[in-house]
Amino acid sequence: MSTPTSSSRMLPDSVQHALEALLRLLAFYLVPLAIGLLSVVALVFWNNQYRAPAGQALALRVMAQSMAQGGAPAGPEQARAQLAGLPEVAYRETRMSSDPLWFSMAAAAPAGSVIEFPSRHMVDIACWDSDTLRPLGSSSRAASAGAMAPLMAGFALALTPPLAPADTLEQARAHMPVRLLCRTVLIGPARLSATQWEAAELALAVQQYHRKSGLLDGGMIVLTLFVLTTALINRQALYVLLAGWLILNLRMGALSAGWDIQWLGQVVPARWLLPGRALTIALYAASTLTLYQTLFRDALAATRYRAPLRFAEWCCLPLLALAVFLPYHVFLPVMWGFVAYGLVLMTLGLVSLMSQAQPQSHTRVAFWFAASFAVTMMSGLAEVVAAALGIRDLTGLVNSVTAALASSLLAALAVAEQMRQETEQRIAAQAELQHTFEAMPVGLFTLDLEGRFLSANPTLHKMVGADGPVTGGMRFQQFFADGVWDTLHALVQQADAELRIENRDGSHCFLVRATVARGKIEGVLQDTTEQHKATEQLRFMANNDALTKVFNRRGIERVFEQASMKPMTLAYLDLDRFKLINDLFGHGAGDEVLKQVCERIGAVLSGEQQVGRVGGDEFVIILPETSIRVAALICRCLVGRIGNTPYRVGDKAFHVRGSIGLIEVQPGMQMKDAVSTADRACREAKAGHRDGLVVYERDSAAFHERESELNLVERLSANDATACMVLEMQPIMSLKMPYDSMNFEVLLRMREADGSLLAAGPIIAAAEKSGRVGVIDRWVLSTTLSWIERHADMLVNTQFVCMNLSGASLNDERFIQDTIDILRRHRDAASRLCMEITESVALHDLNNTRRFIEQVRNFGVKVALDDFGAGYTSFSYLKELPADILKIDGNFIVNMNAHPADVAIVEAIVKLAVNLGMKTIAEWAEDGATVQTLADIGVDYVQGFAIASSMAPDILLTVTSAAGFIIDEELNLLVGALGGPVSAPATVVALAEAPLTGLH
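Right, here's the structure in full:
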């Protein structure tokens, strides 16, 4: 025989492979596809073996027992009489009412037929012959009597003629009831209807009913057992959740179809039926939401539906409680509200997942779950439409059985898709982990508890300098210093270990991190030789000043934080005239002096006391657990040590003096606040204290002032900075016509928590520090103009209303533009406004001030130069500024009669103003004699306590002139001599006795 060639040997193999591929194609694809197509064809085109013809619907006359005339009917006879006049209807919706119903109908079929009452919400029913009122039968879910019995989802009455012994068949049929009278109770969203069946047709309908019930029970239970078995094998809790959900879906399908009265062929006790329905619905809702969240929680975490879905989860608990304690007919509408909220959220979440740029895997899971939702909703809609049209099934394709099975299968596909994705992710993660393990730039290893290598990545081989694989029985201690293994082994037995080690010759440093997992030691080895050297240097540089080697700002802040739980004092040291050394002899000399200063400070401090350099020549000293008196002694010693001995740099000697501010640090005080307060004390020490030390004790007034200032700055930094602000007004009296003018100045106040008012000075100072002065000026301007507009009819004697403008606002272009906009909105009131600009601010930027004055003057606004004479006054600037009023600084007015020089200065200012066409206002006038002198000099207006103090706006409106507020009788006589008859005392007395109201 000849030997087969190579090609002849390969031919059978290729044929075998082709055969196997064909069988796989047939088994995997063609057979399932053929089964699916055949099933669709059968459902659509073939005749249904169990499809029963529809029975004959009977027309009903229905009456609620509560709607009966004269109250509830006493019995069948009264009900029959009242029903006779009612129109016939095909059915009656109860609309959740549990009120008993009386109804009558005419039987249209021969004897032996059956009348079915198909509502699954029917609780009991009783029927009589309407003509003879002979009882025909009654039944409930617990017991039956006569010809009435439970049938399918509802009840049925057999129309059997009564047979007496002597009656013939014809006589029996003659006694057959022609019209029936019935009474029933329905609970839930029920529809009362009646259908008359022939016995054979009814038998077929019952057979179809039980077939669907068995199909649903068997299919769902088999699917549930399969899913539960899968859960046990894979140890996946998600499958257990799905198994429970499938059983609940089975019960919901049975409830929809009306065969929830049985479970596994066993009849559910009547007393359990309604509570069981409520609890089934509640559990199904909670289980569905839990399954949804389990599948999509991570994908929906970043969407807007995360919080509403969490709320829906919390709603499940009261829903379960209500299912147990509420009657069924009360529970249903409550349940609909809960379920509608959850369904809307879940549907929107699915739409969001499917429409956004989600990973394809999430989209597939969402698709299957959405399909399950759609089948359930379409089934419910089909049942509603079928009920509305009066047919038992809308089509042969959609009914409660197919819907429940399809919904369950689609949900199972969603879960299966989720599990498939998780499996693929685990496989990908394992591959990525292996790649990472091999490519990791640090050494990864696994040891047994004896120190033998079980695994190691290539990087570890390089680190330890092994010639071959270390997993061949080598031990950890072979590569590292003696004792390292014992220490590491002891540490990992207690907790996760982190240890710095060296190799055997000490040439390399390593950081090893290890832990015990599953009886093995898993670890990471990192070469830190260079890092160890650099870290020490960086750690020092991060917390210490590079020049003096004392702590820098960051380092001293850490010292402060560590000592903040202890009693502590803080000192702020500033070197006086140190800048001269840098300017005259260079920074090299200055740096050397700073080093020597730090050496002297270090020689005085001890223990936990630390110094930090926070500026060029500024230092902060932390003194933990040091009383204020001891700290003061230390600081005085520092001042002496720094300033008593000169500093020698080369052939030169420098004298440097230091000033120190010392404070007690309050518990919970922030370092920035403590340093700010100590800096204030230091500046006070530099200003004039000979010993160079100012101490703020905890209860000192200066400390509280600083604390109040910081609190005020914080309040003004908030968004509602103007919420507590109010305006007061101080009258300005004309010395020419005191009873014919009512001018005043607007003053800012802030209402404190205790109801007291804070003056404008601290407010403006804090606002300038917080950068909020522009906000306050805008508020004052807008509020003032609005108030003038509202009370224009009561301000007929008002020529001008003064308001102060801060320097920061005047130099803010945005504020200037906002001011123009506000004036444009209040154009009528703007003509009475007089803006006060401080003289020093006006002269700071003359061109900007002139431009601002010209802009506001276009709206009729007057301009006054405030505090004139207090700054570096240069009269040559007055001709450059088109001001209307000069407001003489109050320091020249107070006690001016005791200082002739003040009188002369005021007189010169008045004459200058007259020559320039300006009016003058003298502020701080506190007595009648001052007012008399000002009038003699020729001042136009006067303002001060002699006239009136500041007051609430509504008080100001009670008089028609500023002179009306004067209480002093002598001053009243003087004013009367200036401006006419004295006509105001009565008003003054009334004001003096009136309470101060309107401080809002």
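Every position in the sequence shown, counted from 1, becomes a number in the working numbering once 44 is added.
A virtual CB, placed ideally from N, CA and C, is assigned to each residue, including glycine.
{"Query": "Span of the beta strand (DSSP E), counted from its first residue to its last, around residue 768", "Result": "Looking at the DSSP string, residue 768 is not in any beta strand (DSSP E), and its letter there is neither H nor E."}
{"Query": "Per-residue burial, residue 164 [other beta carbons within 10 Å of its own, 16 or more giving buried]", "Result": "buried"}
{"Query": "Alpha-carbon spacing of residue 1036 relative to residue 801, whole angstroms", "Result": "Summary for residue 1036: the model assigns pLDDT 36, below 50, so the residue's position carries little reliability; its value from the coordinates is reported in the next sentence. Cα to Cα, the separation comes out at about 21 angstroms."}
{"Query": "Residue 618 versus residue 630 - alpha carbon distance", "Result": "19 angstroms"}
{"Query": "Chain-order list of residues whose beta-carbon lies under 8 angstroms from that of residue 331 (same chain, five-residue window excluded)", "Result": "285, 288, 289, 292"}
{"Query": "6 angstroms Cβ shell around residue 298 - same chain, five flanking residues per side excluded", "Result": "304"}
{"Query": "Close beta carbons around residue 370, own chain, < 8 angstroms, minus the five adjacent residues each side", "Result": "322, 378"}
{"Query": "Residue 617: first and last residue of the uninterrupted beta strand (DSSP E) it sits in", "Result": "612–620"}
{"Query": "Chain-order list of residues whose beta-carbon lies under 6 angstroms from that of residue 324 (same chain, five-residue window excluded)", "Result": "295"}
{"Query": "One or two residues paired with residue 500 in a DSSP bridge", "Result": "489"}
{"Query": "CA nearest to the CA of residue 575, picked from 586, 563, 555", "Result": "555"}
{"Query": "C-beta atoms of residue 848 and residue 792 nearer than 9 angstroms", "Result": "yes"}
{"Query": "Sequence-distant residues of the same chain with beta carbon closer than 6 angstroms to residue 315, five excluded per side", "Result": "none"}
{"Query": "Entirely enclosed beta strand (DSSP E) segments - the stretch 231–275, minimum 3 residues", "Result": "239–241"}
{"Query": "Rounded separation between residue 258 and residue 251 - CA only", "Result": "10 angstroms"}
{"Query": "Continuous beta strand (DSSP E) stretch holding residue 984: start and end", "Result": "Looking at the DSSP string, residue 984 is not in any beta strand (DSSP E), and its letter there is neither H nor E."}
{"Query": "Residue 81 (DSSP reduced to helix, strand or coil)", "Result": "helix"}
{"Query": "Reduced DSSP category for residue 593 - H, G, I as helix; E, B as strand; rest coil", "Result": "coil"}
{"Query": "Beta-carbon spacing of residue 718, residue 739 below 9 angstroms", "Result": "no"}
{"Query": "Pairwise C-alpha distance: residue 349 and residue 382", "Result": "16 angstroms"}
{"Query": "Where the alpha helix (DSSP H) containing residue 717 begins and where it ends", "Result": "715–732"}
{"Query": "Beta-carbon separation (whole angstroms), residue 308 vs residue 261, contact threshold 8 angstroms", "Result": "7 angstroms"}
{"Query": "Best match in 872, 380, 72 for proximity to residue 830 [C-alpha to C-alpha]", "Result": "872"}
{"Query": "Which of helix, strand or coil DSSP assigns to residue 442", "Result": "Residue placement at residue 442 is poorly supported in this model, since its pLDDT is 48, which falls under 50; the coordinates still yield a value, given next. DSSP places residue 442 in coil when its eight states are reduced to three."}
{"Query": "For residue 662, the first and last residue of its enclosing alpha helix (DSSP H)", "Result": "Taken as a continuous stretch (DSSP letters only), residue 662 belongs to no alpha helix (DSSP H), being part of the beta strand (DSSP E) at 662–668."}
{"Query": "Reduced DSSP secondary structure (H/G/I, E/B, other) of residue 147", "Result": "strand"}
{"Query": "Among 692, 623, 493, the one whose alpha carbon lies nearest that of residue 561", "Result": "493"}
{"Query": "Between the CA atoms of residue 390 and residue 353 - distance to the nearest angstrom", "Result": "8 angstroms"}
{"Query": "Beta carbon of residue 786 nearer than 9 angstroms to that of residue 839", "Result": "yes"}
{"Query": "Residue 655: first and last residue of the uninterrupted beta strand (DSSP E) it sits in", "Result": "654–657"}
{"Query": "Euclidean distance between Cα positions of residue 393 and residue 472", "Result": "28 angstroms"}
{"Query": "Distance between beta carbons of residue 967 and residue 988, contact taken as under 8 angstroms", "Result": "6 angstroms"}
{"Query": "Residue 148 versus residue 134 - alpha carbon distance", "Result": "12 angstroms"}
{"Query": "Distance CB(residue 101)-CB(residue 158) smaller than 9 angstroms", "Result": "no"}
{"Query": "Where residue 213 falls, given that 16 or more other Cβ within 10 Å makes a residue buried", "Result": "Here residue 213 scores only 48 on pLDDT, less than 50, and its place in the model is too uncertain to base an answer on."}
{"Query": "Stretch pair the stretch 594–605 + the stretch 653–668: three plus CB contacts closer than 8 angstroms", "Result": "yes"}
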